[in-house]
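Residue numbers are given in our numbering: position 38 of the sequence shown equals residue 44, and the series is strictly consecutive. Virtual Cβ for every residue (Gly too), placed ideally from N, Cα, C. Bear in mind that the values here come from a model prediction, so they are computed numbers and not experimental data.
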Amino acid sequence: MGAKTAQRIIVDLQDKLGKSSDVKISAVVNNKVKDETLSALTMLGFNKNQAEKTVVKILKSNPEINVEQAIKEALKLL
């Protein structure tokens, strides 16, 4: 399942689940963004530990960021 499909499913389910699940859904999306960004950076040859610290920093400052933007930000910082 791709990121766009997952996000579409999340949006569809948010109405059914209500506000209490917003935090859980956000955490799932953040984990997916983190994993995909980290994977891309390690494939580009960056150190996994350094890349992970950078990605976590980016996600803390901008939790709504998508994978493409996160990769661009990480490349600026690494």
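Glu70 carries a coil assignment under DSSP once its states are collapsed to helix, strand and coil. Straight-line measurement puts the Cα of Gln56 at about 19 Å from the Cα of Glu74. Ala76 is positioned such that its CB atom lies no closer than 8 Å to that of Val62. Secondary structure of Asn37 (DSSP, three-state): helix. Note on geometry: alpha-carbon atoms of Lys10 and Asn72 lie some 10 Å from one another.
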